[in-house]
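Take a look at the structure set out below.
Residue numbers (the UniProt record's numbering): 1 to 261.
As structure tokens, then:
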């Protein structure tokens, strides 16, 4: 295997490779000149030079939010960066429906919910509800999908039971709240429940949310992960091809790199 040529990159600010970065963080101190100097020193302790505190605003009592510009000497060989990605053979609404009709031959059943204590449904609604978002139809709009949106605060076991009762092809777990990595803990609990019920490795399991990416989803045991910027058609196309893969009719490497752990 030929090793790729080096591609050294550094952050870009005013000109290429100048190493300028923008940082934002909050310190538990009231807004003052002393607080600004503390923010600058904090950035220097992280290894940055030529530090400038561009903005400082009161965030709450005894808390200040800072935006800092600084330089870093760090660089990276971009050619050596390796990360699993969702690879979707993207088709439009009409073409995908024809594809499912001709290749799968039946409606694809999908269940989705915000599980655990998460009450935020904006993500799962955007993917599943008929109107979708940004002019991209949700899965309920597709004639060849049968989509069930169970809403928020759904126990993992209930989502699995409801999906199993309908012989679901795929389950979408949405996690918006991420404080103290609660989204990871709940996602692990979902996977353990899926293994206990015997659907892990059989049903397509997807994880989505603002702090989710494909790599994290694979590490947690899901088949794929979808983060910010995902449109309903991205999920619809992925699921359609993944169902074909489960049926033995699709290239096993056509959709994603890596395997869930």
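For glycine and all other residues, C-beta sits at the position ideal for the given N, C-alpha and C.
Neighbourhood of residue 43 by C-beta distance below 7 Å, restricted to the same chain and skipping five residues each side: Its chain contains 23, 51, 68, 70 as the residues whose beta carbon lies nearer than 7 Å to that of residue 43, once the 5 sequence neighbours on both sides are disregarded; these appear in chain order.
Does the distance from the C-beta atom of residue 212 to that of residue 227 stay below 8 Å? Inclusion of residue 212 and residue 227 in the CB contact set at 8 Å is warranted, their separation being smaller than that value.
Is residue 149 helix, strand or coil when you go by DSSP? Here residue 149 carries a strand assignment [DSSP, helix/strand/coil].
Rounding to the nearest angstrom, what Cα-Cα distance links residue 210 and residue 123 in this structure? Cα-Cα distance, rounded: 8 Å.
For residue 264, which of 5, 16, 232 has the nearest alpha-carbon? The first residue shown for the chain is 1 and the last is 261, placing residue 264 beyond what the model contains.
Around the C-beta of residue 115, are 16 or more other C-beta atoms found within 10 angstroms, so that it is buried, or is it exposed? Looking at its Cβ environment, which holds 16 or more other Cβ atoms inside 10 Å, residue 115 is buried.
Buried or exposed: residue 118, going by 16 or more other Cβ atoms within 10 Å of its Cβ? Buried, since its Cβ has 16 or more Cβ neighbours within 10 Å.
Nearest-angstrom Cα distance between residue 178 and residue 185? Rounded to the nearest angstrom, the two C-alpha atoms are 10 Å apart.
Looking only at C-alpha atoms, which of 154, 29, 5 sits nearest to residue 76? Checked all of 154, 29, 5; the closest Cα to residue 76 is 5.
Could you tell me whether the Cβ of residue 103 comes closer than 8 Å to any Cβ of chain C? The structure shown contains no chain C, having only a single protein chain.
Would you decide whether residue 169 is buried or exposed? Buried here means 16 or more other CB atoms lie within 10 Å of its CB. By the Cβ neighbour-count rule, residue 169 is buried, with 16 or more other Cβ atoms within 10 Å of its own.
Hey, would you say residue 236 sits closer than 8 Å to residue 96, going by beta carbons? Yes, the pair counts as a contact, with Cβ atoms nearer than the cut-off.
Tell me which residues share the same chain as residue 30 and place their Cβ nearer than 7 Å to its Cβ, disregarding the 5 neighbours each side in the sequence. Closer than 7 Å at the Cβ level, and outside the excluded window around residue 30, lie 62, 64.
Going by other Cβ atoms of all chains shown within 10 Å of its Cβ, with 16 needed for buried, is residue 173 buried or exposed? With 16 or more other Cβ atoms within 10 Å, it is buried.
Please report how far the alpha carbon of residue 193 lies from the alpha carbon of residue 101, in whole angstroms. Residue 193 and residue 101 have their C-alpha atoms roughly 32 Å apart.
Cβ-Cβ separation, residue 98 to residue 239 (assumed contact under 8 Å), whole Å: Rounded, the Cβ-Cβ distance is 16 Å, inconsistent with contact.
Status (buried if at least 16 other CB within 10 Å, exposed otherwise) for residue 217: By the 10 Å Cβ count, residue 217 comes out buried.
Where residue 220 and residue 187 are concerned, what is the direct C-alpha to C-alpha distance, given to the nearest angstrom? In this structure, the straight-line span from the alpha carbon of residue 220 to that of residue 187 is close to 7 Å.
Continuous alpha helix (DSSP H) stretch holding residue 123: start and end: Per DSSP, the continuous alpha helix (DSSP H) segment holding residue 123 begins and ends at 122 to 128.
DSSP beta-bridge partners of residue 185: For residue 185, which the question treats as bridged, DSSP gives no partner whatsoever.
Proximity of residue 103 and residue 244 at Cβ, strictly below 8 Å: Yes, the pair counts as a contact, with Cβ atoms nearer than the cut-off.
Rounded to a whole number of angstroms, what is the C-alpha to C-alpha distance between residue 140 and residue 80? Here the alpha carbon of residue 140 sits roughly 41 Å from the alpha carbon of residue 80.
Helix, strand or coil for residue 168? Go by DSSP, reduced to three states. Correct three-state label for residue 168: coil.
What is the rounded straight-line gap between the Cα of residue 214 and the Cα of residue 206? Computed Cα separation, rounded: 9 Å.
When the distance is taken between beta carbons, is residue 108 closer than 8 Å to residue 145? A contact, by the Cβ cut-off of 8 Å.
Do the CB positions of residue 242 and residue 204 come within less than 8 Å of each other? For residue 242 and residue 204, yes; Cβs fall inside 8 Å.
Sort out for me which residues DSSP pairs residue 76 with in a bridge. Beta-bridge pairing links residue 76 to 9.
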